[in-house]
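Chains A and B supply the protein sequences, listed in that same order. For our numbering, count along the first sequence from 1 and bump the result up by 3. For our numbering, count along the second sequence from 1 and bump the result up by 36. Every residue, glycine too, gets a C-beta built ideally from N, C-alpha and C. Every value quoted in this text rests on a predicted model; they were computed, and no experiment measured them. Single-structure report; data block below.
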Amino acid sequence: MTSLLSVRDLSVKFSTLEGDITAVDNISFDVAPGEVLGLVGESGSGKSVTGRSLMQLNPHYAHYGENSSMILTTDEEEVDILSLRKAKELRKVRGDLVSMIFQEPIASFAPAITIGKQMAEQLMLHRKMSFKEARELSVDMLDRVGIIDPSRRFDQYAFEFSGGMRQRAMIAMALSTKPKLLIADEPTTALDVTIQAQVLDLMQELIHDFGMGMIFVTHDLAVISQIADRVAVMQNGKIVEQGTVDDIILHPQHSYTQRLLDAVPKLDDFINQDDDANDTVPATGKEPTDKAETLISVRNLSVQFEISKSFLGKKNLLTAVNDVSIDIPKGSFFGLVGESGSGKSTTGRTILGAYNMAQGEIIYNDDDVHYEIAALDRHDLKDFRKRAQLIFQDPYAALSPRMTVRDIIAEPLEVMGITKNRKETDERVREIAAKCKLNLEHLRRFPHAFSGGQRQRIAIARALVCGPKFVVADEAVAALDVSIQAEILELLKSLQKELGLTFLFISHDLAVVANLCDHVAVMEKGKIVESAPTLDLFRNPQKDYTKSLLAAAPTLRTHQA
Amino acid sequence: MALLSVLRGKRKEISKEDYYTASQMQLIWSRFKAKRSAMIAASILGFIVVCGIFSSFLSPYAPDASGRNADYVNGAPQIPQFCDANGCSLTPFIHKVERFRSVKTNFRWVTRETEERNYVTFFPKGWDYNFLGMKFERHLFGVEEGYLHLFGTDGGGKDIFSRTLHAIGVSLAVGTLGVLISFILALIIGSTAGFFGGFVDTVLQALMDTVKTVPTIPLFMALAAFIPQEWSAEMRFFFISMLLGTLGWGTLARRIRTHVLAERTAEYVTAARLCGASSAHVIRKHLLPSFTSYIIVDLVISFPYMVLSETALSFIGLGLKDPVNSLGVMLQNVTKVDVLLNYQWYFIPVPIFIAIVLAFVFVGDGLRDAADPYSERK
Numbered sequence: 004m005t006s007l008l009s010v011r012d013l014s015v016k017f018s019t020l021e022g023d024i025t026a027v028d029n030i031s032f033d034v035a036p037g038e039v040l041g042l043v044g045e046s047g048s049g050k051s052v053t054g055r056s057l058m059q060l061n062p063h064y065a066h067y068g069e070n071s072s073m074i075l076t077t078d079e080e081e082v083d084i085l086s087l088r089k090a091k092e093l094r095k096v097r098g099d100l101v102s103m104i105f106q107e108p109i110a111s112f113a114p115a116i117t118i119g120k121q122m123a124e125q126l127m128l129h130r131k132m133s134f135k136e137a138r139e140l141s142v143d144m145l146d147r148v149g150i151i152d153p154s155r156r157f158d159q160y161a162f163e164f165s166g167g168m169r170q171r172a173m174i175a176m177a178l179s180t181k182p183k184l185l186i187a188d189e190p191t192t193a194l195d196v197t198i199q200a201q202v203l204d205l206m207q208e209l210i211h212d213f214g215m216g217m218i219f220v221t222h223d224l225a226v227i228s229q230i231a232d233r234v235a236v237m238q239n240g241k242i243v244e245q246g247t248v249d250d251i252i253l254h255p256q257h258s259y260t261q262r263l264l265d266a267v268p269k270l271d272d273f274i275n276q277d278d279d280a281n282d283t284v285p286a287t288g289k290e291p292t293d294k295a296e297t298l299i300s301v302r303n304l305s306v307q308f309e310i311s312k313s314f315l316g317k318k319n320l321l322t323a324v325n326d327v328s329i330d331i332p333k334g335s336f337f338g339l340v341g342e343s344g345s346g347k348s349t350t351g352r353t354i355l356g357a358y359n360m361a362q363g364e365i366i367y368n369d370d371d372v373h374y375e376i377a378a379l380d381r382h383d384l385k386d387f388r389k390r391a392q393l394i395f396q397d398p399y400a401a402l403s404p405r406m407t408v409r410d411i412i413a414e415p416l417e418v419m420g421i422t423k424n425r426k427e428t429d430e431r432v433r434e435i436a437a438k439c440k441l442n443l444e445h446l447r448r449f450p451h452a453f454s455g456g457q458r459q460r461i462a463i464a465r466a467l468v469c470g471p472k473f474v475v476a477d478e479a480v481a482a483l484d485v486s487i488q489a490e491i492l493e494l495l496k497s498l499q500k501e502l503g504l505t506f507l508f509i510s511h512d513l514a515v516v517a518n519l520c521d522h523v524a525v526m527e528k529g530k531i532v533e534s535a536p537t538l539d540l541f542r543n544p545q546k547d548y549t550k551s552l553l554a555a556a557p558t559l560r561t562h563q564a
Numbered sequence: 037m038a039l040l041s042v043l044r045g046k047r048k049e050i051s052k053e054d055y056y057t058a059s060q061m062q063l064i065w066s067r068f069k070a071k072r073s074a075m076i077a078a079s080i081l082g083f084i085v086v087c088g089i090f091s092s093f094l095s096p097y098a099p100d101a102s103g104r105n106a107d108y109v110n111g112a113p114q115i116p117q118f119c120d121a122n123g124c125s126l127t128p129f130i131h132k133v134e135r136f137r138s139v140k141t142n143f144r145w146v147t148r149e150t151e152e153r154n155y156v157t158f159f160p161k162g163w164d165y166n167f168l169g170m171k172f173e174r175h176l177f178g179v180e181e182g183y184l185h186l187f188g189t190d191g192g193g194k195d196i197f198s199r200t201l202h203a204i205g206v207s208l209a210v211g212t213l214g215v216l217i218s219f220i221l222a223l224i225i226g227s228t229a230g231f232f233g234g235f236v237d238t239v240l241q242a243l244m245d246t247v248k249t250v251p252t253i254p255l256f257m258a259l260a261a262f263i264p265q266e267w268s269a270e271m272r273f274f275f276i277s278m279l280l281g282t283l284g285w286g287t288l289a290r291r292i293r294t295h296v297l298a299e300r301t302a303e304y305v306t307a308a309r310l311c312g313a314s315s316a317h318v319i320r321k322h323l324l325p326s327f328t329s330y331i332i333v334d335l336v337i338s339f340p341y342m343v344l345s346e347t348a349l350s351f352i353g354l355g356l357k358d359p360v361n362s363l364g365v366m367l368q369n370v371t372k373v374d375v376l377l378n379y380q381w382y383f384i385p386v387p388i389f390i391a392i393v394l395a396f397v398f399v400g401d402g403l404r405d406a407a408d409p410y411s412e413r414k
């Protein structure tokens with residue numbers, strides 16, 4: 004088969020104040036019509052830059068290598084994408100021959116123009132249609148991607164669509180001009196798993212119907228294993244390995260690919276593990292938790308937020324958490340899973356006293372103390388803060404860029420007045436930093452010197468430096484690459500064992516939770532749907548919602564398709 | 037291009053570790069240095085500021101009536117030269133001037149150059165001045181006998197060169213005082229509004245808007261009418277500075293409010309709060325450092341507006357008045373038709389004024405780009 008797109012020796016360099024950065028280094032690949040090429044790699048591997056190069060969407064300080072060529076071959080013509088300079092010529096490629104779907108559907112639509120107008124505009128521009136024709140075709144496309152009542156939806160704005168619907172509309176828009184090649188840059192990463200599964204099915208179906216080629220850029224190997232025909236694995240701007248999806252997933256040759264695949268948490272393996280292994284709960288090796296004491300006990304918790312206040316002072320309330328009761332056993336990993344907006348983060352933060360509760364009670368019960376969180380006085384609150392800490396999702400936002408690592412880790416000690424003098428503080432900081440496997444030489448550095456995984460270690464060190472018993476990890480590994488994610492999970496496990504911590508592990512990722520937690524609670528729309536020991540929950544989910552979550556979770560294929 | 041690559045090459049020698057342990061200010065400085073327009077503007081600005089500070093030492097004559105040259109009224113600039121019809125000399129000189137009248141001049145006094153040389157001298161003793169509380173009488177340059185007017189003289193015989201140097205000093209001082217007053221007001225009001233939010237924020241924002249909507253020209257005119265005629269130059273000077281300061285804080289306060297509002301909800305602030313940090317700790321350790329760089333930028337950018345306002349005020353005759361030297365007063369002097377036709381050297385302070393304002397703008401621009409070293413590279 005002749006290839007639709009043929010990329011040869013593509014190099015992309017960025018000139019910055021700190022010198023040239025090679026983002027893409029001499030890569031070559033082909034995409035055939037009707038084929039899905041998965042471009043997979045960790046952050047900074049150059050996969051997005053590659054996708055953007057195909058439409059020349061890189062910023063002006065990007066330079067392409069001299070020998071680079073990108074040839075797009077269709078029945079009628081042959082286009083050398085890199086030779087296009089003028090905006091008019093580029094429009095031939097952008098939106099006409101090649102379309103692109105971005106990660107954030109909310110950011111891809113102009114907020115003040117109706118979805119329909121935006122869809123019709125490109126048809127009028129590229130296909131020279133009248134608005135009426137464009138409208139008809141757009142409504143057809145919206146219908147095709149499964150949007151109900153498309154002719155009414157056509158006149159709505161992006162904010163009136165939910166996240167999944169927006170991404171569907173984006174797909175409809177990208178496909179309406181019938182491009183030869185579709186570039187999808189992490190199109191499902193921002194979506195919840197159930198929506199993600201639907202969108203992936205839809206894309207696969209449409210690609211086959213339209214007979215176009217697709218480049219699917221993602222960091223998620225599980226997703227790739229389900230949608231791609233061929234896979235190219237990128238590392239540091241190079242393609243280290245490419246081949247059919249079965250070859251790559253089942254028989255990886257390159258050590259980097261093997262490492263990536265090993266790092267992916269596997270739900271299937273967990274559910275199908277031998278019953279021998281079942282005797283001990285995998286994560287902590289603790290006894291099943293029915294005998295263990297309860298550290299945190301949440302009873303009938305409700306949390307409400309004021310969304311708006313009417314002119315007469317009538318409050319419009321949103322109930323984020325509704326009648327939630329959980330018991331977190333001492334010394335365990337307690338998983339709280341749910342989709343975005345399910346109230347899991349709010350629950351976690353309310354337990355730490357960050358939000359006021361509308362109803363219910365939260366009891367912290369340790370050997371020596373017994374606290375009711377809502378009724379803590381100043382002195383007890385201070386003591387409770389030493390015992391309960393939070394690890395954030397985004398290791399970039401959670402560290403002050405203006406403080407050295409040493410100062411960041413030392414801050415809780417200084418604020419709470421735990422240590423008497425600088426020497427003692429330094430000792431504590433070095434001790435915990437060593438436990439979190441940070442290089443002690445690096446304590447003088449500022450956070451901008453570190454990668455995401457390193458930053459998360461710093462954040463963990465800060466949370467643990469005051470010697471807490473209870474830690475809420477709010478999506479603590481969600482922003483990290485898989486290989487780093489595996490390292491951080493390992494670290495959390497070893498710290499849990501060493502320091503006897505109790506974790507409330509909040510996550511949307513079922514595979515991570517399955518491999519880490521002893522007990523899992525599933526939340527939906529502010530309520531606990533189901534709560535059970537991990538293995539029971541994953542093997543015999545009782546509720547429909549849990550079943551649908553499990554079915555939708557992307558899993559890495561471990562067998563021939 | 038070659039220069040740029042040399043620059044880059046030099047920057048690469050900085051070791052990775054230095055970069056990793058560099059504080060915010062060091063990062064800002066290294067990014068600022070890389071911007072050539074800003075560096076050039078900064079050196080020009082530095083030069084002008086130094087001129088303003090050492091104006092008394094640099095100017096050969098007193099900028100007021102005591103330094104006037106009665107024999108050279110409305111005189112053209114005198115450029116020191118090395119050669120004339122009688123040969124060359126190593127020391128620069130000017131020709132002496134004399135006043136005479138005769139039948140030829142219709143019995144009016146006229147100044148003319150003579151053949152006699154008047155050599156330039158360095159570090160001569162001249163008029164007394166105070167600097168840092170001490171009395172000095174040395175100046176950078178002068179001439180052996182009589183006067184040297186690099187920029188010419190005005191209608192009173194005062195040296196325009198000396199007046200311009202002093203005007204720079206005065207205008208920058210008014211600007212500094214004005215910026216300082218508005219900065220303190222803006223910092224207090226803006227950060228209070230941003231930090232506490234809610235009702236406090238609403239009230240303070242209303243106040244900011246009120247101050248910003250006050251029409252300045254009528255207000256100035258009304259106030260000018262209030263200024264008693266017997267006020268000394270210093271009194272007027274402080275009054276103008278205070279006025280500019282108390283009117284100019286609105287914009288800056290709003291910017292500070294926005295910074296505080298954005299940083300207040302940052303996750304690292306939440307992290308500190310969950311450790312039990314007090315408001316004072318959060319403000320001192322997190323909020324203030326997070327916007328110092330922006331404040332510096334805002335101050336530098338608002339500086340030329342202060343200088344401009346002072347100039348505009350003085351220009352329309354509401355601010356400082358003639359015996360005082362400020363750039364506005366100097367500019368006011370060029371408004372006469374006579375000046376345009378006969379005494380064009382009155383215009384010399386104008387390009388200097390433009391240079392000051394532009395230099396501030398470029399430096400502010402460079403600082404703004406460098407201010408957030410943690411943002412994505414542009």
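So, at 6 Å on beta carbons, what are the nonlocal neighbours of residue i in its own chain, with the 5 sequence-adjacent residues on each side left out?
i         : result
Tyr379(B) : Asn110
Ser198(B) : Ser95, Tyr97 and Pro99
Pro190(A) : Ile104
Pro385(B) : Thr200 and Met366
Name the DSSP beta bridge partners of residue i, please?
i         : result
Ile242(A) : Met237(A)
Thr147(B) : Arg135(B)
Gly123(B) : Asp120(B)
Gln362(A) : Ser305(A)
Tyr67(A)  : Val15(A)
Phe167(B) : Met170(B)
Met122(A) : None, per the DSSP bridge assignment.
Asn105(B) : Answer is none; Asn105(B) lacks a bridge partner.
Between the options, which has its C-alpha nearest residue i's C-alpha?
i         : options                                       : result
Asp397(A) : Thr422(A), Val327(A), Glu478(A) and Phe105(A) : Glu478(A)
Ser9(A)   : Thr53(A), Ile24(A), Thr25(A) and Gly44(A)     : Thr53(A)
Asp401(B) : Glu181(B), Ile332(B) and Gly191(B)            : Ile332(B)
Asn518(A) : Phe541(A), Arg560(A) and Lys500(A)            : Phe541(A)
Tyr165(B) : Phe231(B), His175(B), Val373(B) and Met366(B) : His175(B)
Tyr548(A) : Val525(A), Ala535(A), Thr537(A) and Asp539(A) : Val525(A)
Lys317(A) : Val324(A), Glu309(A) and Lys131(A)            : Glu309(A)
Can you list, in chain order, the residues of its chain with a C-beta nearer than 8 Å to that of residue i? Leave out the 5 residues immediately preceding and following it.
i         : result
Thr197(A) : Glu342, Ser551, Leu552 and Ala555
Val393(B) : Pro340, Val343 and Leu344
Asp491(A) : What sits at residue 491(A) in the sequence shown is Ile, not Asp. Cβ neighbours of Ile491(A) beyond the five flanking positions: Gly456, Gln459, Arg460, Ile463, Ala479, Val480 and Leu483.
Phe449(A) : Pro404, Arg405, Met406, Thr407 and Val408
Would you mind giving the Cβ-Cβ distance between residue i and residue j, rounded to the nearest angstrom? I have them listed as a contact below 8 Å.
i         : j         : result
Thr192(A) : Gln106(A) : 5 Å
Leu507(A) : Val532(A) : The Cβ separation is near 17 Å, so there is no contact.
Ile299(A) : Ile252(A) : So it is not a contact: roughly 40 Å between Cβ atoms.
Phe336(A) : Asp83(A)  : Wrong, their Cβ atoms sit about 54 Å apart, outside the cutoff.
Go through its chain and collect everything with a Cβ distance to residue i's Cβ below 7 Å, but skip five positions before and after it.
i         : result
Lys46(B)  : The pLDDT assigned to Lys46(B) is 44, lower than 50, so where the model puts this residue is not dependable; a value taken from the coordinates is nonetheless given after this. Once the five neighbours on either side are set aside, Lys46(B) has no close Cβ partner at all.
Gln256(A) : Glu244
Gln238(A) : Gly44, Ser48 and Tyr259
Could you name each continuous alpha helix (DSSP H) segment of 4 residues or more that falls completely within the region 127 to 187 of chain A, going from the start of the chain to the end? Listed in chain order, the complete alpha helix (DSSP H) runs (minimum 4 residues) inside the region 127 to 187 of chain A are 134 to 147, 153 to 156 and 166 to 179.
If you scan the region 444 to 518 of chain A from start to end, which runs of the alpha helix (DSSP H) of 4 or more residues do you find wholly inside it? Counting only runs of 4 or more, we get 455 to 467 and 485 to 502.
Sequence ranges, alpha helix (DSSP H) only - wholly within the region 357 to 383 of chain B, length at least 4: Listed in chain order, they are 363 to 368 and 373 to 377.
Could you pull out every unbroken beta strand (DSSP E) segment of at least 3 residues lying fully inside the region 358 to 404 of chain A, listed in chain order? List check, beta strand (DSSP E) in window: 362 to 368, 373 to 375 and 391 to 394.
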